[in-house]
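What follows is a short report on a single structure.
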Amino acid sequence: MAHQSQHPSHWPLTLLGGMSSLLNLFLPVVLVRVFTPADVGVFKIFFLYLALVPEVFLGSGLLSGIALWSGRGNAGKRAITLSALILPVLGISAMVTVLLLQHTLAGAFAVDQSYLFIFALCAFSSLGGLFFEEALICSGRIWAGALFHSGTQLFRAMLLLAVALLTGDLASVFLAFAIYSFLKFALSYVVGFQMGLIGAEFSRQDLTSVVRYSFPVSFSGILSLVSEKADQFLLAAYLSTHQFAVYSLGCLAIPPLHILEQSVTRLLVPDLSRLDEERRFSDFAWRYRRAVSELSIVLIPSSVGLALFSDQIITLLFTSDYIEGALYLRIFAVSYLLLSFPFDVFARARGDGRWILHTYLSSGACALALTALGLEFFGASGALCAVISVQLCLRLWGLRYASKSTQLPFRRFVPLGDLSRYVLFSFLGAAIGWSTRFVFGEGLLYLLLGGVIFWLTYGVLLLCWKRSLPPHARSLCFVLQQIGVGGIERMALQHASELVRRGIGVSFFVYDHYGLAERENLIEEATSAGVQVEVFKKKEGFSPAVVKNLVRTLSRERIDVLHSHDLGSLLYASFAKVFCPHRIRLVHTQHSFVHLERSRWYPLYERFFTLFANELVVVSEEMRGRYREIGVSETRISVVANGIVVRDPFVHLPSSERKKLVLEDYSDSSLSVPPEGSLWILHLARLFPKKGQRQILQIWNSLPRDQQEGSHLFLVGPFANDQEKSVIDEAIRQSSLPDHIHLLPGTKFPDRWLAACDLFVSASEFEGNPLTPAEALALGSEVALSDIPGHEVYRQFVTMFPLHDLKNASDILSEKIRALQNGKNESAEFLVARSEYLASLSIEAMSDKYVNLYWPSSEVPSTGLSIRRLCQVVVIGALGRSTFLLSFITARR
Numbered sequence: 000m001a002h003q004s005q006h007p008s009h010w011p012l013t014l015l016g017g018m019s020s021l022l023n024l025f026l027p028v029v030l031v032r033v034f035t036p037a038d039v040g041v042f043k044i045f046f047l048y049l050a051l052v053p054e055v056f057l058g059s060g061l062l063s064g065i066a067l068w069s070g071r072g073n074a075g076k077r078a079i080t081l082s083a084l085i086l087p088v089l090g091i092s093a094m095v096t097v098l099l100l101q102h103t104l105a106g107a108f109a110v111d112q113s114y115l116f117i118f119a120l121c122a123f124s125s126l127g128g129l130f131f132e133e134a135l136i137c138s139g140r141i142w143a144g145a146l147f148h149s150g151t152q153l154f155r156a157m158l159l160l161a162v163a164l165l166t167g168d169l170a171s172v173f174l175a176f177a178i179y180s181f182l183k184f185a186l187s188y189v190v191g192f193q194m195g196l197i198g199a200e201f202s203r204q205d206l207t208s209v210v211r212y213s214f215p216v217s218f219s220g221i222l223s224l225v226s227e228k229a230d231q232f233l234l235a236a237y238l239s240t241h242q243f244a245v246y247s248l249g250c251l252a253i254p255p256l257h258i259l260e261q262s263v264t265r266l267l268v269p270d271l272s273r274l275d276e277e278r279r280f281s282d283f284a285w286r287y288r289r290a291v292s293e294l295s296i297v298l299i300p301s302s303v304g305l306a307l308f309s310d311q312i313i314t315l316l317f318t319s320d321y322i323e324g325a326l327y328l329r330i331f332a333v334s335y336l337l338l339s340f341p342f343d344v345f346a347r348a349r350g351d352g353r354w355i356l357h358t359y360l361s362s363g364a365c366a367l368a369l370t371a372l373g374l375e376f377f378g379a380s381g382a383l384c385a386v387i388s389v390q391l392c393l394r395l396w397g398l399r400y401a402s403k404s405t406q407l408p409f410r411r412f413v414p415l416g417d418l419s420r421y422v423l424f425s426f427l428g429a430a431i432g433w434s435t436r437f438v439f440g441e442g443l444l445y446l447l448l449g450g451v452i453f454w455l456t457y458g459v460l461l462l463c464w465k466r467s468l469p470p471h472a473r474s475l476c477f478v479l480q481q482i483g484v485g486g487i488e489r490m491a492l493q494h495a496s497e498l499v500r501r502g503i504g505v506s507f508f509v510y511d512h513y514g515l516a517e518r519e520n521l522i523e524e525a526t527s528a529g530v531q532v533e534v535f536k537k538k539e540g541f542s543p544a545v546v547k548n549l550v551r552t553l554s555r556e557r558i559d560v561l562h563s564h565d566l567g568s569l570l571y572a573s574f575a576k577v578f579c580p581h582r583i584r585l586v587h588t589q590h591s592f593v594h595l596e597r598s599r600w601y602p603l604y605e606r607f608f609t610l611f612a613n614e615l616v617v618v619s620e621e622m623r624g625r626y627r628e629i630g631v632s633e634t635r636i637s638v639v640a641n642g643i644v645v646r647d648p649f650v651h652l653p654s655s656e657r658k659k660l661v662l663e664d665y666s667d668s669s670l671s672v673p674p675e676g677s678l679w680i681l682h683l684a685r686l687f688p689k690k691g692q693r694q695i696l697q698i699w700n701s702l703p704r705d706q707q708e709g710s711h712l713f714l715v716g717p718f719a720n721d722q723e724k725s726v727i728d729e730a731i732r733q734s735s736l737p738d739h740i741h742l743l744p745g746t747k748f749p750d751r752w753l754a755a756c757d758l759f760v761s762a763s764e765f766e767g768n769p770l771t772p773a774e775a776l777a778l779g780s781e782v783a784l785s786d787i788p789g790h791e792v793y794r795q796f797v798t799m800f801p802l803h804d805l806k807n808a809s810d811i812l813s814e815k816i817r818a819l820q821n822g823k824n825e826s827a828e829f830l831v832a833r834s835e836y837l838a839s840l841s842i843e844a845m846s847d848k849y850v851n852l853y854w855p856s857s858e859v860p861s862t863g864l865s866i867r868r869l870c871q872v873v874v875i876g877a878l879g880r881s882t883f884l885l886s887f888i889t890a891r892r
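Numbering (numbering that gives the first Met the number 0), first residue to last: 0 to 892.
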């Protein structure tokens, strides 16, 4: 499965938002000690109905659409700027509506009209104030959005606390909130305009698209709020303000948990939208399953802990005057468990506003009906149970929608293994924490020490499980700079496919993916082979973000082995090995040393970073000697020749048909099929200095004119260097018969070219152990290679020509072309020897050698005490000491 590593982490939002939201949690703790229970009830009702404003006036649909449109290119950007213009208009309409109905609402809710005037001001600014942070986050500016959100939340909480303590007046608190909302709105639009998030570039079609999505989503948002808070809307009218304060405080809002859910969802929707657009449904399910696991690892123990310590939490936060709320907290804790399953993200990602509307319409009606019945027969606790039951049904319905839309089974969206472990660890921790009440009683000491022991037990069990994965669950990660159609990438894919066939988990981490065309990358082939692909686009120079993302991938997937294939990937793999929280084995394969000439620092880097490799591999004996020259000990080096997998795709077709079919990949270019009977000369290599394109053009220009007219030269390979491409383009224009020379981008089907060509030529100046000559030989093509050490292994089966003697090289190739035109056949002895040699280059033999390097059976486990292991020892020791002390105290009593 291909996963974009560019997708950012939710942790900046969660951590920064969680820290600032702790003050919001502290706010009601102060209010219950400053105001009467009746005033606390009014405070809760004020903000309960303020949450309805974005839904009633269509603002929530616009805000929700930002996540969808951020994954839709330029059209999405126009929709976002249009939403920014519409939101203030909706805010004004909300304010005017409340002011016009001021007298009616004051009588209906029995509140002071001054409260409603302030409510109208808040209604105006509450719509636009949320746009800026939402747009920042969905556009990829995660840290900026997190800092803006946490900063404004921190200011809000401190302002309300200060006003409440200084004035003791509820109206002053509401007025302070109105001023804060207006300032946030103004700041959002001023800075948003400067950053280009707000503009006036849109079309009528954009307006239609925005309204068509936002209207049903906003309307469904009203129904969503009703289905989630039907109990509070009914109880606000049914209970006294004092009783409602007890109930609402019992339904304890824990901002860090809500922020965790919102942070994960904010990043989940754009990812799902992109994957749905690309029809990558397996990745779609994987991304959701991962989000559920990230949420449940925190929310499951949080729910259990809230239920276990409900009496002590209510007493500590809100005094014993509100102790009746503990019953509601035990029930309400289940709602945090349900937050692990964001249910409407599938429809939001697909822009299916109709499903959202229908679902919320049904759930809202059911919630009101069931809540009314629960209230009638079982009181406030019955109403709360009814609302939670509706929320459970919504999650199941959302998963059914996802399964039906993607044609994937239900279980693909639910990480059952992770959930069962988190539940088991939570209940074991709860059992140990609950047992401490016999030592500490049921007061606040029980909450403090019992809670610490509960979370400590859960954490230790979780860490021990992470460390005790079964030994047969082998996993390997290839670190690659790119995933183009070059020789290293093709070899890595063939090797990975063989390992997957053996039941080994394999993934590719590509750290400098620059958006190659589909025919020039191997992502689809890798995912089809069962290889998980994660791509990342780094900035210029060394990128710490690559190390961070690689470490996160290693930890998440429990990778055992890293395999790097060049100096750049070795550098990042070495840093990842150092910072990874679990033990990693690093195997490095060096395929060539052509890079050493580009910088005097590279030999030093090779000497230093190879020290981090557990195994050092080269592809030929000559490469072993080059390592010795730069100071790397030969005793550490293994030689593993590259293996090949050869499939002749046109084995039953004549040569002319093969040549026509091989050009179908380039139907969008001006390339025409050469006349039948032309001799095809193929040079297949990455377009890069010293890869041979310049040399083969010089040789071509020295060939006899009649051979040039009867032949066509194809230079096929990824354009890896723009400057080199310009040089080659100019050389082709200056050559004789430029119409017979074709410069083509890379292909993911090199075997088709090798099967179709008459002569494969490589004029490369340096090679380690190239795959392409062996593949050409296996497909029956004639082969001519430059006389360099890397080609020496093929000497007895190919024609060799001197690289720096132009006349001699052109004479040798001219003779080879003449022999091909005359239909020269090889002897039976030659064909048998060639077959035997190629049989020794199987991908199976190469993979056998690498598996022994990845997981050597004789390896002695490390006895080093890592920092992570030291922390585990300390934690487990502390837990054991605490258990001993508890046993001792109990025995004394």
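Virtual Cβ for every residue (Gly too), placed ideally from N, Cα, C. Given the structure is predicted, the values throughout are model-derived calculations rather than measurements.
Between the CA atoms of residue j and residue i - distance to the nearest angstrom
i	j	result
residue 171	residue 186	23 Å
residue 98	residue 121	12 Å
residue 867	residue 557	Caution applies to residue 867, whose pLDDT of 43 falls short of 50 and renders its modelled position unreliable; the value that the coordinates give is listed next. Distance between the alpha carbons of residue 867 and residue 557 is about 15 Å.
residue 815	residue 846	36 Å
residue 446	residue 440	10 Å
residue 294	residue 333	14 Å
residue 577	residue 546	10 Å
residue 407	residue 419	22 Å
residue 629	residue 657	46 Å
residue 174	residue 39	16 Å
residue 673	residue 722	28 Å
residue 331	residue 554	33 Å
residue 151	residue 157	10 Å
residue 388	residue 400	19 Å
residue 631	residue 426	54 Å
residue 560	residue 283	26 Å
residue 323	residue 306	14 Å
Short Cβ contact (8 Å threshold) for residue i with residue j
i	j	result
residue 429	residue 453	yes
residue 784	residue 761	yes
residue 591	residue 774	no
residue 535	residue 510	yes
residue 246	residue 335	no
residue 362	residue 222	yes
residue 123	residue 93	yes
residue 678	residue 710	yes
residue 614	residue 638	no
residue 60	residue 217	yes
residue 484	residue 746	yes
Boundaries (first-last residue) of the alpha helix (DSSP H) holding residue i
i	result
residue 191	169 to 193
residue 524	522 to 527
residue 112	112 to 127
residue 305	280 to 307
Terminal residues of the beta strand (DSSP E) in which residue i lies
i	result
residue 484	That residue, residue 484, is in no beta strand (DSSP E); it is neither H nor E in DSSP.
residue 587	584 to 589
residue 503	Element bounds for residue 503: n/a, residue is neither H nor E.
Quiz item: Which runs of the beta strand (DSSP E) fall wholly inside the stretch 779 to 829 and span at least 3 residues, in chain order?
Solution: Within the stretch 779 to 829, the complete beta strand (DSSP E) runs of at least 3 residues are 781 to 785, 798 to 800.
Quiz item: Below 8 Å, can you find three or more Cβ-Cβ pairs linking the stretch 305 to 316 to the stretch 214 to 233?
Solution: No, the stretch 305 to 316 does not touch the stretch 214 to 233.
Quiz prompt | Completely contained alpha helix (DSSP H) runs for the stretch 331 to 379, where each covers 4 or more residues | solution = Counting whole runs of 4 or more residues, the stretch 331 to 379 contains the alpha helix (DSSP H) stretches 344 to 349.
Self-check item: Whole beta strand (DSSP E) elements within the stretch 542 to 577, 3-residue minimum
Solution: Runs of the beta strand (DSSP E) lying entirely within the stretch 542 to 577 and spanning at least 3 residues, in chain order: 560 to 563.
Exercise. Any chance you could list the beta strand (DSSP E) runs of at least 3 consecutive residues sitting entirely within the stretch 670 to 712, in chain order?
Key: Within the stretch 670 to 712, the beta strand (DSSP E) runs of at least 3 residues that lie entirely inside it are, in chain order, 678 to 683.
Quiz prompt | the stretch 374 to 385 contacting the stretch 411 to 425, beta-carbon criterion three pairs below 8 Å | solution = The stretch 374 to 385 and the stretch 411 to 425 do not touch, with fewer than 3 CB-CB distances between them shorter than 8 Å.
Practice problem: Examine the Cβ distances between the stretch 567 to 587 and the stretch 743 to 763 and report whether three or more of them are shorter than 8 Å. | Solution: No: fewer than three Cβ pairs fall under 8 Å.
Quiz item: Is there contact here, the stretch 364 to 373 with the stretch 236 to 251, by at least three beta-carbon pairs under 8 Å?
Solution: Per the Cβ contact rule, the stretch 364 to 373 is not in contact with the stretch 236 to 251 (fewer than 3 Cβ pairs under 8 Å).
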